[in-house]
Every structure is written in C-alpha cells, then in structure tokens.
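Working notes for the structure below.
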Amino acid sequence: MLRNSDVISVIIPTYNEEKNIERCLTAITNQSIPRDQIEIIVVDGGSSDRTCMLAEKQADKVIQQESMGVGGARNDGFKIAKGSIVATTDADCEPWRDWVASIQEEFMDPKVVAVTGLQNGIDWDNMNRFEIFVYDRMIKFANVVYIAVSKINHYHLCGANTAFRKDILLEIGGYLPLVYGDDIEIFHRVKKKGQVRLNRGMMVDYSVRRMRKMGLFNYIRFSAKMFLEVMIFGQKPIKGDYARQNYD
1 MLRNSDVISV IIPTYNEEKN IERCLTAITN QSIPRDQIEI IVVDGGSSDR
51 TCMLAEKQAD KVIQQESMGV GGARNDGFKI AKGSIVATTD ADCEPWRDWV
101 ASIQEEFMDP KVVAVTGLQN GIDWDNMNRF EIFVYDRMIK FANVVYIAVS
151 KINHYHLCGA NTAFRKDILL EIGGYLPLVY GDDIEIFHRV KKKGQVRLNR
201 GMMVDYSVRR MRKMGLFNYI RFSAKMFLEV MIFGQKPIKG DYARQNYD
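Each residue of the sequence shown is one higher than the one before, counting from 1 in our numbering.
Written out as structure tokens, the structure reads:
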C-alpha cells in the first residue's frame with residue numbers, strides 16, 4: 001500500500017520547450033506535498049534550444065530519449081524512476097498545486113492501477129475573443145466527455161495528466177510506439193490489471209497552442225478520428241508524424 005511518504009516520479013517528455021519548461025517544473029516543484037516526495041524526470045527528444053539547460057535547474061534527472069515517439073520518451077523515464085507511482089504531464093502544462101496530492105490519495109487504494117484527471121485551458125495570448133471562446137469550450141467539452149465515458153468504464157489516460165503503478169506499467173510493456181492515441185490505447189491493457197479512476201480534482205493547466213496551430217476544424221476532425229479508431233475500435237495507428245513537432 002502507498003504511504004504518504006513514498007516518492008511519486010513525474011515524467012515530462014520535451015522537444016524544444018525552452019519557452020514552457022520552467023513554468024511546468026516550477027508548478028511541480030511548488031506542490032502542496034514536500035518536494036523530497038517528488039522525483040522530476042525530464043526526457044528530452046533532441047532539443048536544439050535551451051530546454052535541457054533550463055530543465056537541469058529544477059529537475060532531478062534530465063536524460064536523452066532513446067525510444068521512439070512521445071510514448072517512448074515516457075517509457076524511458078519510467079525505467080529509471082525510483083517511485084512506485086509514476087505520473088506523466090507535458091512540458092507546456094502546469095499541474096495545479098494539489099495535483100501530486102490527488103494522485104497520492106488515489107493510490108492509497110491498492111486496487112487502483114491508474115488514475116487520470118481533467119484539463120483547464122491556458123496560453124490565450126494573441127487570440128481574439130471568438131478563438132478564446134471556441135477553444136475554451138472545446139476543452140470543457142472534452143472534460144465532459146471524459147467524465148461521461150468514465151461512467152461506462154472507459155478512460156482517456158491523457159499523457160498530460162495521468163499516473164500509474166510502475167510495476168503494472170512495466171508489466172504491460174508501457175506505451176506502444178504509436179504516432180497518436182498511445183495514451184488512449186494503453187487504457188485497454190492497464191484496465192485488465194485493476195481499477196482505473198478519474199479524479200476531477202486532479203487538474204492541469206493545458207496549453208491550447210497545439211489546437212490553434214492545427215486549426216479548429218482539423219483539430220476536431222483529428223480528435224474524433226483518434227477517439228473512434230483507438231478508444232472504440234481498438235486500432236493501433238503506426239504511420240505518420242504527429243507528436244514530434246514545434247508548436248511555437
């Protein structure tokens with residue numbers, strides 16, 4: 001059983017994130033539980049900017065990615081994590097102050113193998129009122145969908161906001177090398193090992209920059225395609241190059 005004093009390892013994949021990594025790490029460093037109960041691991045995918053240099057100021061470990069894709073970066077972090085619980089977020093996210101505490105609380109129950117949370121939109125600079133309204137409503141709608149599908153025991157284990165028992169994660173082989181939907185696909189395997197939960201208080205501020213760059217129509221179409229293919233039909237997309245991009 002997890003104890004309050006046990007370390008929780010947080011894995012953050014990065015790729016040219018010098019504009020975002022400091023605020024992400026600061027949010028994790030300033031959690032409501034003691035800093036020595038959190039291990040921060042940054043897994044960098046070959047950044048050509050100052051991402052690694054900035055990350056080294058706050059992270060416990062900064063390593064270079066060896067496996068393929070953003071899921072592979074998370075897997076690389078899991079393998080060296082010292083915590084029995086491993087959490088994932090993105091470099092452009094800012095976990096809320098009680099984020100790690102919420103994770104810790106859920107894993108007090110030995111039946112729980114994974115937990116995920118909800119998102120709140122940020123990075124509205126240089127957007128007009130219509131764009132802000134639309135993208136904000138999209139994130140809120142996504143949260144409603146996450147809550148709704150959780151009622152029928154389906155979960156999107158969003159890479160920006162999910163935690164696992166490390167032993168279970170390693171047992172199932174971690175994330176698969178998919179170009180998208182790896183954080184949906186993994187649910188189908190991890191649910192066979194125990195309970196998966198959605199914690200509404202487990203919140204991260206989530207950058208809308210990817211949504212904006214793709215464009216509203218393309219983002220909606222892509223999200224629907226990913227949800228249907230991976231969540232509903234259990235497909236494993238292996239072609240394309242979605243994850244490794246600059247969004248600034």
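Every residue, glycine too, gets a C-beta built ideally from N, C-alpha and C.
From the DSSP output, read off the bridge partner residues of residue i.
{"i": "K61", "result": "I41"}
{"i": "E94", "result": "D205"}
{"i": "I85", "result": "I8 and R165"}
In whole angstroms, what separates the C-alpha of residue i from that of residue j?
{"i": "K82", "j": "N128", "result": "44 Å"}
{"i": "D205", "j": "N161", "result": "10 Å"}
{"i": "S207", "j": "G77", "result": "22 Å"}
{"i": "R221", "j": "P13", "result": "25 Å"}
{"i": "F130", "j": "M138", "result": "12 Å"}
{"i": "V7", "j": "R74", "result": "17 Å"}
{"i": "Y15", "j": "G181", "result": "19 Å"}
{"i": "K140", "j": "I103", "result": "21 Å"}
{"i": "D98", "j": "S32", "result": "6 Å"}
{"i": "I186", "j": "V86", "result": "14 Å"}
{"i": "V43", "j": "G174", "result": "15 Å"}
{"i": "V10", "j": "I41", "result": "6 Å"}
When DSSP labels each residue in this structure, what does residue i get in the three-state scheme?
{"i": "E106", "result": "helix"}
{"i": "I168", "result": "helix"}
{"i": "L198", "result": "strand"}
{"i": "S150", "result": "helix"}
{"i": "I12", "result": "strand"}
{"i": "N20", "result": "coil"}
{"i": "Y242", "result": "Its pLDDT being 48, under 50, Y242 is placed unreliably in this model, and the value from its coordinates should be taken loosely. Of the three classes helix, strand and coil, the one that applies to Y242 here is coil, per DSSP."}
{"i": "N128", "result": "coil"}
Can you give me the start and stop residues for the alpha helix (DSSP H) that residue i sits inside?
{"i": "G69", "result": "G69 to I80"}
{"i": "L54", "result": "T51 to A55"}
{"i": "I184", "result": "D182 to V190"}
Pull up the CB-CB distance for residue i and residue j, whole angstroms please, since I reckon it's below 8 Å.
{"i": "V196", "j": "I168", "result": "Not really, about 11 Å apart at Cβ, beyond 8 Å."}
{"i": "G27", "j": "E94", "result": "The displayed chain sequence assigns Ala, not Gly, to residue 27. Contact holds; Cβ gap of about 4 Å."}
{"i": "R35", "j": "Y135", "result": "Not really, about 33 Å apart at Cβ, beyond 8 Å."}
Would you kindly report the start and end of the unbroken beta strand (DSSP E) that includes residue i?
{"i": "A114", "result": "V112 to I122"}
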